[in-house]
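Asker:
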Amino acid sequence: MNLRRDVFQAIADPTRRAILLLVASQSMTAGAIASNFDTARPTVSKHLAILTECELLEQEYNGREVYYHVNPKKMKELSDFIESFRKIWDDRFNKLESVMKKYKSKK
Amino acid sequence: MERKTKIDAKDGKQELVITREFDLPLELLFKAYEEAELVEQWMGTKVLKLENKRHGSYQFETTDPKGNKYGFNGAIHAFVPNRKIIRTFEFENTPFGVQLEVLEFEQLTDDSSKLTIHTVFESVAQRDQMLQMPFAQGINMAHNRLQEIISKLK
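These protein sequence lines map, in sequence, to chains A and B. Under my numbering, the residues of the first sequence are numbered 1 to 107, in order. Under my numbering, the residues of the second sequence are numbered 1001 to 1154, in order.
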């Protein structure tokens, strides 16, 4: 449960969202990711740690280098939460449609 | 044909767009927003006030199955019959802030119409929180159900 809540916290931050977008296209080292931001390197490391903790990013060891890549399964959960929001509106609008169809036939 | 609701929420933006096509003539779709009695039926809320005019305002109150009450309110900036509503929306006592909503109503055919709701939030974080709410609630509900089952097993 906490894990999922962390996913929300993780994407609430604009820098972390930017990191996810950056890494989505290719695996990158922490240094390469940090070079894309003006933020201090330790701050970027902290963001990477949070993203890794909630499993949005995965680490991969290649010799001495650590590469980060996105975890597609976890990213899918993010699209699922928008799906929950969409479903609420869909249900609401289905209700609108049925209410108005009844209203029309009453007239 | 199944008409589906679409949500467009671009990453890092403080806005979202909801679109939906209806098997309803434009006038009927608009009426669903115009008349308090109809709003109550499809939104499942109590309408305390609904002044559909420029400088008007509205106030809704929804009660959940547990009896908790939730308030919603806003100011109406533009009300153009069968075309457009511009209003603010506030879910009271929540961290979501006040949103600006632009609702556009379009005729597709004699029997079908389209609604586009463009919502602008005060910040990206608030928009994301709003998007996450149903999912978070779903998880809580699943969690509660799980606890119920577990407590019965004991």
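For every residue, glycine included, the Cβ atom is placed at its ideal position computed from N, Cα and C.
Which runs of the alpha helix (DSSP H) fall wholly inside the stretch 1023-1069 of chain B and span at least 4 residues, in chain order?
Answerer: Whole alpha helix (DSSP H) segments, 4+ residues: 1026-1034 and 1036-1043.
Asker: Give a yes or no on whether 8 Å exceeds the smallest Cβ distance from residue 1004/B to chain A.
Answerer: Position 4 of the second sequence holds residue 1004/B. Yes, residue 1004/B counts as interfacial toward chain A.
Asker: Helix or strand or just coil, what does DSSP make of residue 55/A?
Answerer: Position 55 of the first sequence, counted from the start, is the residue given in the question as residue 55/A. Here residue 55/A sits in coil by DSSP.
Asker: For residue 1089/B, go through chain A and note every residue whose CB falls closer than 7 Å to its CB, in chain order.
Answerer: Within the second sequence, residue 1089/B is the residue found at index 89, counting from 1. Simply none; closest approach about 14 Å.
Asker: Can you give me the start and stop residues for the alpha helix (DSSP H) that residue 1087/B sits inside?
Answerer: Residue mapping note: residue 1087/B aligns to position 87 of the second sequence, counting from 1. Residue 1087/B -> not in any alpha helix (DSSP H); beta strand (DSSP E) instead, spanning 1084-1091.
Asker: With distances taken from CA atoms, which of 1042/B, 1077/B and 1089/B is nearest residue 1056/B?
Answerer: As a working mapping, residue 1056/B is identified with position 56 in the second sequence. Looking at the Cα atoms, 1077/B is the closest of the given residues.
Asker: DSSP three-state call for residue 40/A: helix, strand or coil?
Answerer: By one-based count along the first sequence, residue 40/A stands at place 40. Residue 40/A falls in the coil class under three-state DSSP.
Asker: Residue 1074/B by DSSP, collapsed to three states: which one?
Answerer: Along the second sequence, read from residue 1 onward, the residue named residue 1074/B stands at position 74. If DSSP states are grouped into helix, strand and coil, residue 1074/B belongs with the strands.
Asker: Grab the span of the alpha helix (DSSP H) containing residue 15/A for me, first residue to last.
Answerer: The count along the first sequence starts at 1 and reaches residue 15/A at position 15. 14-25 is the extent of the alpha helix (DSSP H) around residue 15/A.
Asker: Determine, using beta carbons only, whether residue 1097/B comes closer than 8 Å to chain A.
Answerer: The sequence position of residue 1097/B within the second sequence is 97, counting from 1. It does not; no Cβ of chain A falls within 8 Å.
Asker: What residues in its chain sit with their C-beta under 6 Å from that of residue 74/A, if we drop five residues either side in the sequence?
Answerer: Position 74 of the first sequence, counted from the first residue, corresponds to residue 74/A. Cβ neighbours of residue 74/A beyond the five flanking positions: 55 and 56.
Asker: Would you mind stating whether residue 1089/B and residue 1074/B have Cβ atoms separated by less than 8 Å?
Answerer: Working through the second sequence from its first residue, we reach residue 1089/B at position 89. Working through the second sequence from its first residue, we reach residue 1074/B at position 74. Yes; because the gap between Cβ atoms is below 8 Å, this pair is in contact.
Asker: So that I know if they touch, is there some Cβ in chain A lying closer than 8 Å to that of residue 1001/B?
Answerer: To locate residue 1001/B, count along the second sequence from 1; it is residue 1. Because residue 1001/B carries a pLDDT of 46, less than 50, the predicted location of this residue cannot be relied on, and no value is offered for it.
Asker: Taking contact to mean 3 or more Cβ pairs, one atom from each stretch, closer than 8 Å, check whether the stretch 1044-1055 of chain B and the stretch 1121-1130 of chain B are in contact.
Answerer: With the cut-off at 8 Å, the stretch 1044-1055 of chain B and the stretch 1121-1130 of chain B do not touch.
Asker: If we ignore side chains and look at the alpha-carbon of each, how far apart do residue 51/A and residue 63/A end up?
Answerer: The count along the first sequence starts at 1 and reaches residue 51/A at position 51. The count along the first sequence starts at 1 and reaches residue 63/A at position 63. So the two alpha carbons sit approximately 22 Å from each other.
Asker: Using DSSP's beta-bridge definition, name the partner residues of residue 28/A.
Answerer: As a working note, residue 28/A is residue 28 in the first sequence. The partner list for residue 28/A (beta bridge, DSSP) reads 68/A.
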